[in-house]
Structures are given as C-alpha cells and as structure tokens.
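Numbering (the working numbering), first residue to last: 1110 to 1191. Even for Gly, the Cβ is constructed at its ideal location relative to N, Cα and C. The structure presented is a predicted model; accordingly, all values stated were derived computationally and were not measured. Below: the structure, in structure tokens.
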C-alpha cells in the first residue's frame, strides 16, 4: 500500500517530454480549485538520488508551484524494471 507523503516542490524534476504537455489553462483552473478545496489528489514521483522525478500529476504540481507552495502531497512509487 502506498503511503501519502509530503515532497519539496523544488526537488521534483519534470521530464522534458512530460513538460511539453503542459496546458496553462488547466493549471489555472486547478490552482483556483486548490485555493478553495486544497490538494485533493496526490501526485506520483519516483526517487532519483536526492531528488524526485514526476511520474503523474504535472498540472497539479504546476498549480501548486504557481500558488507559491513549497511542498506537494504525493506517493513515492518504484520505477518499473524492464
């Protein structure tokens, strides 16, 4: 079972491929929702040394960053071994 944790936003790396899918209008809508309800859905990250790599939740992460938050709630997942 995954356990929700708090991660420093500054230590989360967004892969270039994923960053290209960013929709600013969606980020703004999520940020407005977060002002009223807070973060309701955790993001997913994987460990990479002393940093983390975003797996899921780009728009939630960017909305929190836009709101000036320093941490994000999320799950630490293991990378799949191929």
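Judged by DSSP secondary structure, residue 1135 falls within the alpha helix (DSSP H) whose first and last residues are 1133 to 1146. Contact between residue 1162 and residue 1118 does not hold, since the beta-carbon distance rounds to 13 Å and is not under 8 Å. Taking the CA atoms as reference points, residue 1131 sits about 10 Å from residue 1125. Of the residues 1111, 1127, 1173, 1110, the one whose Cα lies closest to the Cα of residue 1149 is 1173. In the three-state reduction of the DSSP assignment, residue 1125 falls in the helix class.
With a contact defined as Cβ atoms closer than 8 Å, residue 1142 and residue 1183 miss out at about 17 Å. One alpha carbon belongs to residue 1167, the other to residue 1110, and they sit about 23 Å apart.
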